[in-house]
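*Asks:* Numbering follows my numbering, with no gaps: position 438 of the sequence shown is 1700.
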Amino acid sequence: MKKFFLLIVIVLFSINVFSQINIIPKPTSIIEKEGVFIVGNNVIINVIADDPALVEMVNPLLLTLSEKKADGVFKTKFNSTSKLNNIVFQLDKKLTDLGDEGYQLSVTPKNIHISAYKKAGLFYALQSLLQIIHLETKTSKDIKIPCVEITDIPKFQWRGMLLDCGRHFMDKAFVKRYIDLLAYYKMNRLHWHLTEDQGWRIEIKKYPKLTEVGAWRTEADGSRYGGFYTQDDIREIVAYANERFVTVVPEIEMPGHSVAAIASYPYLSCTGNPINVETQWGVFKDIYCAGNDSTFTFLKDVLTEVMGLFPSKYIHIGGDEAPKFRWEQCPKCQTRMRVQNLKGEHKLQTWFIEQIDAFLELNGRKLIGWDEILEGGLSKGATVQSWRGMEGAIEAARSGHDAIVSPTSHAYFDYEISNINLEKVYHFDPVPKELTKEESTHILGGECNLWSERAPQEKVDERMFPRLLAMSEVLWNYPEKRDYVAFRKRVQLQYPVLNRRGVTYGFERDPLILNAITDIKKRTISIQLEKGQEGTNIYYTLNGSKPDRKSILYTQPFEVRDSLKLNIAVLADGSENGFYYERVFKMNKTTGYSPVFMFPYSNNYPGSGNTSLTNGVFGTYNFRDGNWQGFEGNDMIATINFEEIKEFTKVSTGFLQSTPSWIFFPTECDFLISEDGLNFVSIGKRNATESQKNTELQIRRYEINSTSTIKAKYIRIAAKNVGVCPDWHPGAGGKTWIFADEIILE
Ligand code: ACM
Ligand code: ZN
């Protein structure tokens, strides 16, 4: 027993105290040894391989050593026989077990020896070694590298990031910078989203208007916005990425998200009418006409030039969010469906994708599409990128197709940190539990997606970091047991590294975590505030004024007994940076009861769950604030059983409208009461009066006021959904949403 105890102490001690390899992603096997390798003044970087070009690859190490150690004279040699004081990079054809990207890194007091089966493995070993040196913070004249045996093989072959340069153009230097950052964290795919409704970004020689017209939009204030990459720019970026073992996978969107292309060449659409490059964000009904042969001539010409520029085996063709409204009305599309015997527009989309799939296959390439390409049946050679949850990946894998996962729940880094925080990303599992071992071999890996509607170039860093570190760890190391506390400690060590690289990273989680806990018996709401970031303080006011450092400093939870308007500021120490919040609370006769819903609320917009409409917290002008509950396509019908008679004169429910986001006020909201939960009678209805064409975000409470007291054991709120986006709407035919918040009974 004593021995056992001693063993535990030694193990714990060695994990906590001697852990000196703190790199991200964590290597798959680390055996730490005693001692250090001291980088002397005349250390030789020795590249042992059959390709002298590999000598170039280790230049960053030369640079790093020279920066760290001004008195050193470092040299790279090729196939030197020197036995001591070497940093050896060796390609070894026998080490097949390491695969294409794995490596071994052995540090002894005499040498550093790196070996790999393939060049990419040597490259990743180099990244590990660089990071070990960059993380070294102790000031010493010498660079000391702890002795260690590392064997490191990535779990997933596809470790990607999507960069949307369609919504916002990002300059060439910026794209290269991201390739550097990806490579440093051992990510190997840049999924480059190059065409969008709001801009076409890739020069196509045969269709010059794509960049003369399609790359530019006229904003509401009359200003012109845009940009594109010339074919030379693209060759330069692809070559740069190639040197860093990053494959650039181009995405050319079809049939949807193609407004910029149609604005350039209107014959590509069903109507042929001239349209402008989009300036709004959303999903738009003008898509490529599937009945028009010239659409396919165009797309094949474009893809031919794309394949000439991008050596990637995979070409992403989008396939997401293509409203079928135009196709339903288009004689050419309808003829195509008749001639090809296609039942319904989803089948027409499958047929569309099949044409492109066959063309890519003919050219030795493979097609990737977003999970919508499953809807009318999956094209033969397609790989699916699952974004609306993991279901697309499950369906693809079960039918023998490969899949890449980037679900909105964990991988949408354009989302606020309050929706997807660092811990959540760290706990992401790219392999759906539903799959058998055999099926799960179809999961190639994952991506984090940076859509750029709300993230122009200067905001990308704060969205990507530190979350990218978690994605890198998951995709490379795929830790079986997730230890967030330990991971987070390693993340802290990365901040100085990121600072030196000029990365303006964001937060790890929401600056403010607000919990409102309702106690029905005491009839109170307890408000607990927690700061999400160290080095900040929470201040609040109760009189509606903007909080500052002179306001009440939050130290402990407090209770709401009636109603309260809370203005909160999270202020960073020694900085003017602040995050401001406003929340309204109201205790009332529904507070704490659980409504029953006729149609379930959406998993994507659950609010705070079952009691979101009765927790006493009002929604704000941010519809992702966690208080709004969303109902997609269906009515919102909520029934509360009080299990006793309640008396009231006023009942109301809040709704939000933001029609560009497909969220509409209910056309009608009926307030009903019942004694038995079976027979309901209406006590009044309210209708939408606001214009749906007003694109502003609006909040309105639908309210019934009675001059006499109403008595009821049950109350039901029945709000009618518009159903589908109307014909004039850019998303015509798409399911509309109802967003609801507090049901108040007084
Ligand atoms: C997507 O987010 N529409 C793929
Ligand atoms: Zn058509």
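All C-beta atoms in this analysis are idealised placements derived from N, C-alpha and C, irrespective of residue type, glycine included. Values in this document were obtained by computation on a predicted structure and should not be read as measured data.
#1: Could you say if the region 1684 to 1703 and the region 1396 to 1408 meet the contact criterion of at least three C-beta pairs nearer than 8 Å?
#2: What three-state label does DSSP hand tryptophan 1738 in the structure shown?
#3: Tell me which residues share the same chain as glutamate 1583 and place their Cβ nearer than 6 Å to its Cβ, disregarding the 5 neighbours each side in the sequence.
#4: Would you give the residue range spanned by the beta strand (DSSP E) that glutamate 1905 belongs to?
#5: What residue range is occupied by the uninterrupted beta strand (DSSP E) comprising lysine 1825?
#6: What first and last residue would you give for the alpha helix (DSSP H) that runs through serine 1702?
#7: If you draw a straight line from the C-alpha of tryptophan 1543 to the C-alpha of glutamate 1715, how long is it?
#8: Put isoleucine 1972 into one of helix, strand or coil per three-state DSSP.
#9: Please enumerate, following chain order, all residues with a beta carbon closer than 6 Å to at least one heavy atom belonging to the ligand ACM.
#10: Do valine 1305 and isoleucine 1376 have their CB atoms nearer than 8 Å?
#11: Which full runs of the beta strand (DSSP E) of 3+ residues lie inside the region 1830 to 1880, going along the chain?
#12: Pull up the distance between the alpha-carbon of threonine 1880 and that of glycine 1892, whole angstroms please.
#13: For the candidate residues Lys1955, Thr1998, Gly1939 and Ile2005, whose alpha-carbon lies nearest to that of isoleucine 1966?
#14: Looking at C-alpha atoms only, which residue of Asn1681, Ser1526 and Gly1707 is the closest neighbour of arginine 1771?
#15: Going by DSSP in three states, leucine 1268 sits in which element: helix, strand or coil?
#16: Would a C-beta distance cut-off of 8 Å place alanine 1445 and arginine 1497 closer than the cut-off?
#17: Using CA atoms only, rank isn't needed, just tell me which of Glu1937, Cys1931, Lys1975 and Gly1840 is closest to tyrosine 1855.
#18: What separation, rounded to the nearest whole angstrom, lies between the Cα atoms of glutamate 1567 and aspartate 1664?
#19: Going by beta-carbon coordinates alone, are proline 1694 and alanine 1658 separated by less than 8 Å?
#20: Three-state secondary structure (DSSP) at tryptophan 1589?
#21: In the DSSP assignment, find the unbroken beta strand (DSSP E) run with proline 1512 in it and report its ends.
#22: From isoleucine 1961 to tyrosine 1883, what does the alpha carbon distance come to, in whole angstroms?
#23: For the alpha helix (DSSP H) containing asparagine 1393, name the first residue and the last one.
#24: In chain order, what residues of the same chain lie with their CB nearer than 6 Å to the CB of aspartate 1989, ignoring the 5 residues before and after it?
#25: Nearest-angstrom Cα distance between leucine 1815 and tyrosine 1802?
#26: Taking the alpha carbon of leucine 1875 as the reference point, which residue from Cys1532, Arg1963, Met1599 and Tyr1767 has its own alpha carbon closest?
#27: Assuming methionine 1423 is part of the alpha helix (DSSP H), what are its boundary residues?
#28: Nearest to glutamate 1465 by CA position, among Leu1571, Leu1323 and Ala1900, is which residue?
#29: Three or more C-beta pairs closer than 8 Å, one from the region 1467 to 1475 and one from the region 1434 to 1454: is that the case here?
#30: Quick one: what does DSSP say asparagine 1681 is sitting in, helix, strand or coil?
#31: Quick one: is threonine 1597 buried, meaning 16 or more other Cβ sit within 10 Å of its Cβ, or exposed?
#32: By Cβ distance below 6 Å, which residues in the same chain neighbour arginine 1752 in space, the five residues on each side in sequence not counted?
*Replies:* Checking against the coordinates, here is how it stands:
#1: Two segments are said to touch when three or more pairs of C-beta atoms, one from each, lie closer than 8 Å; by this definition the region 1684 to 1703 does not touch the region 1396 to 1408.
#2: Residue state, collapsed to three classes: helix.
#3: Gly1518 and Val1545
#4: 1898 to 1919
#5: Reading off the sequence, residue 1825 comes out as serine, not lysine. Where serine 1825 is concerned, the enclosing beta strand (DSSP E) stretches over 1825 to 1834.
#6: Note, serine 1702: alpha helix (DSSP H), 1699 to 1702.
#7: 7 Å
#8: strand
#9: Asp1582, Glu1583, Trp1632 and Trp1649
#10: no
#11: 1840 to 1848
#12: The question names threonine, yet the displayed sequence has phenylalanine at residue 1880. Spanning the two alpha carbons is a distance of roughly 14 Å.
#13: Ile2005
#14: That would be Asn1681, whose Cα lies nearest to the Cα of arginine 1771.
#15: Note that leucine 1268 has pLDDT 49, beneath the 50 cutoff, so the model's placement of it is unreliable and no number is given.
#16: no
#17: Lys1975
#18: Inter-residue distance for glutamate 1567 and aspartate 1664 is about 26 Å (C-alpha atoms, whole angstroms).
#19: no
#20: helix
#21: Segment 1509 to 1516, the beta strand (DSSP E) holding proline 1512.
#22: 7 Å
#23: Correcting the residue type first, residue 1393 is glutamine in the shown sequence and not asparagine. Taken as a continuous stretch (DSSP letters only), the alpha helix (DSSP H) holding glutamine 1393 covers 1381 to 1397.
#24: Sequence-distant partners of aspartate 1989 (beyond 5 residues in either direction) whose C-beta falls short of 6 Å from its own C-beta are missing from its chain.
#25: 7 Å
#26: Arg1963
#27: No alpha helix (DSSP H) holds methionine 1423; the beta strand (DSSP E) holding it covers 1420 to 1426.
#28: Leu1571
#29: no
#30: coil
#31: exposed
#32: Asn1284 and Ile1286
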